[in-house]
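Novice: Residues in the sequence shown are numbered from 32 upward in steps of one, following the working numbering.
For glycine and all other residues, C-beta sits at the position ideal for the given N, C-alpha and C.
Owing to the predicted nature of the structure, the values given are computational and were not obtained by experimental measurement.
This structure is in structure tokens; I'll ask about it shortly.
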Amino acid sequence: MLARGWQGLARHKWAGFRMGSAGEGRDGPANAGTRLLLAAAFFGAAFAIDLRTNRQFSPVLGSAAIYESALALFPAIRPGLIATTAHGGIWAGFNVARAFADDTGLRIVDVRLVSNFERWLFGGRLPSSMLQNHFFDPTLIQPRDVALGLVHASFFVVPHGIAALTWFRRRDVYVRYQMATASCFSLSLAAFIVLPAAPPWMSDPDRVTRITHRIVTQAIAGTGSGRSAGPGEAFWFEPNAVAAMPSVHVAAAVLVFLALGSLSRRGRGIGALYALAMSVAVVYLGEHFVLDVVAGWLVALVAWRLARGLAAS
32 MLARGWQGLA RHKWAGFRMG SAGEGRDGPA NAGTRLLLAA AFFGAAFAID LRTNRQFSPV
92 LGSAAIYESA LALFPAIRPG LIATTAHGGI WAGFNVARAF ADDTGLRIVD VRLVSNFERW
152 LFGGRLPSSM LQNHFFDPTL IQPRDVALGL VHASFFVVPH GIAALTWFRR RDVYVRYQMA
212 TASCFSLSLA AFIVLPAAPP WMSDPDRVTR ITHRIVTQAI AGTGSGRSAG PGEAFWFEPN
272 AVAAMPSVHV AAAVLVFLAL GSLSRRGRGI GALYALAMSV AVVYLGEHFV LDVVAGWLVA
332 LVAWRLARGL AAS
């Protein structure tokens, strides 16, 4: 069902961001009037519900009315708007589910299992600790720290840009990219539930610094706000600190690489560099283990393969 839905959107190659299509021009006053009535009905219903609920949900109801009205008034943008909503729903749903993954009580291992195994693999030291020992100066943030921090933060921007790019360039790649993202998130959530893992900065706080925290703390101090953040306050929006295995940052970067590689040879090269940079960044910054990175690559590759089968079906 999901595959058919995405493919239905994909068949509208340019619909969604082109106003005034030929079909719309022949709608005539009757259909235009119907759309206006629908829009008015949406706002009327939202207003009525808002009054009944003592205006507790005004932002939600208003946004819903605007969204439904846009779908009714502008048929040409429907595919794009629906696709954007579905894309946002995948990401929002994942983040909400991820926040509660460690509360299910279904874990089968201790949160330090990955840390202990990686320490054993690398002769008693975590790779994050070794990298920071050679390249990180706790007294001075270096340009490379900021650069890798930006690579890490790009997780919140780049995948959405790739979704938009594939929507305009290749709808078949867009469909596969969305299905792969949903599959990747589903596999990752399963791992977060049964295999929670404390990240390096939590597993070995004496030797591993959460560099992203340090950068943000110094940036806040530089603004003169007078507020300092302790280790427990860093990234207060992090709802599940033990969701390290696999690295979703890396998995998302690998999906970017695979999607760009489906568009062009140049895209493949750019995507590969991005995925490799993310893989290095998360380990150096103390956010993930090498094992998390490997798992992130595997999850993304499996999800991409699954998406091809789903799209074909």
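1) Do serine 234 and arginine 143 have their CB atoms nearer than 9 Å?
2) Between the alpha carbons of leucine 286 and alanine 331, how many angstroms are there, rounded?
3) So, under 8 Å CB-CB, valine 189 and alanine 228 are touching, yes? Tell me the CB distance rounded to an integer number of Å.
4) Specify the secondary structure class of alanine 303 as computed by DSSP and reduced to three states.
5) Find out if the Cβ-Cβ distance for the pair cysteine 7, alanine 283 is shorter than 9 Å.
6) Among Leu304, Leu294 and His319, which has the Cα closest to the Cα of valine 279?
7) Which residue comes first and which comes last in the alpha helix (DSSP H) that contains glutamine 173?
8) Secondary structure at alanine 229, three-state DSSP: helix, strand or coil?
9) Near aspartate 323, which residues of its chain fall below 6 Å by C-beta distance, leaving aside the five closest residues on each side in sequence?
10) Can you give me the Cβ contacts of isoleucine 121 inside the same chain, cut-off strictly under 8 Å, excluding the 5 residues immediately before and after it?
11) Considering only residues of the same chain and omitting the five flanking positions on each side of valine 321, which have a CB-CB separation below 7 Å?
12) How would you label arginine 241, buried or exposed, when you count the other beta carbons within 10 angstroms and need 16 or more for buried?
13) Whole angstroms is fine: what's the gap from histidine 118's alpha carbon to alanine 128's?
14) I need the DSSP call for alanine 130, collapsed to helix, strand or coil.
15) Nearest to isoleucine 224 by CA position, among Arg202, Ala114 and Thr135, is which residue?
16) Whose C-alpha, out of Arg201, Thr65 and Ile80, is nearest the C-alpha of serine 295?
17) Mapping DSSP to helix, strand and coil, what is alanine 114?
18) Residues in the same chain with beta-carbon distance under 6 Å from alanine 194, minus the five sequence neighbours each way, listed in chain order, please.
19) Could you give the C-beta distance for alanine 312 and valine 182, rounded to a whole number, given that I count them as a contact under 8 Å?
20) Could you check if threonine 170 is buried or exposed, using at least 16 other CB atoms within 10 Å of its CB as the buried criterion?
21) For the alpha helix (DSSP H) that contains glutamine 163, what are its first and last residues?
22) Closest to alanine 221 by C-alpha separation, out of Ile139, Trp328 and Asp237, would be which residue?
23) Can you give the Cα-Cα distance for glycine 154 and arginine 238, rounded to whole angstroms?
24) Quick check on the burial criterion: 16 or more other C-beta atoms within 10 angstroms. Buried or exposed for glycine 298?
25) Evaluate alanine 53 with the Cβ neighbour count: other Cβ atoms within 10 Å of its Cβ, from every protein chain shown; 16 or more gives buried, anything less gives exposed.
26) Around the C-beta of aspartate 203, are 16 or more other C-beta atoms found within 10 angstroms, so that it is buried, or is it exposed?
27) Work out the CA separation of alanine 326 and leucine 226 for me, nearest whole Å.
28) Report the three-state DSSP secondary structure of alanine 274 (helix, strand or coil).
29) Take the Cβ of alanine 250 as the centre, count every other Cβ of all protein chains shown within 10 Å, and call the residue buried at 16 or more, exposed below.
30) Considering only the alpha carbon of each residue, which of Ala290, Gln173, Val247 and Ile172 lies closest to histidine 191?
31) Thinking C-alpha only, which one of Arg336, Ser310, Val333 and Arg109 is nearest methionine 179?
32) Return helix, strand or coil for isoleucine 139, following the three-state DSSP convention.
Specialist: Let me lay it out:
1) Going by C-beta atoms, serine 234 is nearer than 9 Å to arginine 143.
2) Leucine 286 and alanine 331 have their alpha carbons spaced roughly 6 Å apart.
3) No, valine 189 and alanine 228 are not in contact; Cβ-Cβ is about 24 Å, not under 8 Å.
4) Three-state DSSP puts alanine 303 in a helix.
5) Absent from the structure is residue 7, since the part of the chain shown begins at 32 and ends at 344.
6) Of Leu304, Leu294 and His319, the residue nearest in Cα terms is His319.
7) Note, glutamine 173: premise wrong, no alpha helix (DSSP H); not H, not E.
8) Collapsing the DSSP output to three states places alanine 229 in coil.
9) Leaving aside the five residues that flank aspartate 323 on each side, the residues in its chain whose CB is nearer than 6 Å to its CB run, in chain order, Ala275, Met276, Pro277 and Ser278.
10) Counting only Cβ-Cβ distances below 8 Å, and skipping sequence neighbours, we find Gln209, Thr212, Ala213 and Phe216.
11) Contacts found: Glu149, Pro158 and Val314.
12) A buried status is given to arginine 241, since no fewer than 16 other beta-carbon atoms sit within 10 Å of its beta-carbon.
13) Histidine 118 and alanine 128 have their alpha carbons spaced roughly 16 Å apart.
14) Helix at alanine 130.
15) The shortest C-alpha separation from isoleucine 224 is found at Thr135.
16) Here the closest residue by C-alpha is Arg201.
17) DSSP places alanine 114 in helix when its eight states are reduced to three.
18) Non-local beta-carbon contacts of alanine 194 in its own chain, meaning distances under 6 Å to residues more than five positions away in sequence, involve His118 in chain order.
19) Cβ-Cβ separation between alanine 312 and valine 182: approximately 4 Å, consistent with a contact (criterion under 8 Å).
20) Exposed.
21) Secondary structure note for glutamine 163: its alpha helix (DSSP H) is the uninterrupted segment 158-166.
22) The candidate whose alpha carbon is nearest that of alanine 221 is Ile139.
23) If I take the Cα positions, the gap works out to 15 Å.
24) By the Cβ neighbour-count rule, glycine 298 is buried, with 16 or more other Cβ atoms within 10 Å of its own.
25) The predicted position of alanine 53 is uncertain, since its pLDDT is 39 and thus under 50; a value taken from the coordinates is nonetheless stated next. Counting every other CB atom within 10 Å of its CB across the protein chains shown gives alanine 53 a total below 16, marking it as exposed.
26) Classification for aspartate 203: exposed.
27) Cα to Cα, the separation comes out at about 12 Å.
28) In the structure shown, alanine 274 sits in a strand (DSSP, three-state: E or B).
29) Alanine 250 is exposed by the Cβ-count criterion.
30) Closest by alpha carbon: Ala290.
31) It is worth fixing the name first, because residue 179 is leucine in this sequence and not methionine. The candidate whose alpha carbon is nearest that of leucine 179 is Ser310.
32) Secondary structure of isoleucine 139 (DSSP, three-state): coil.
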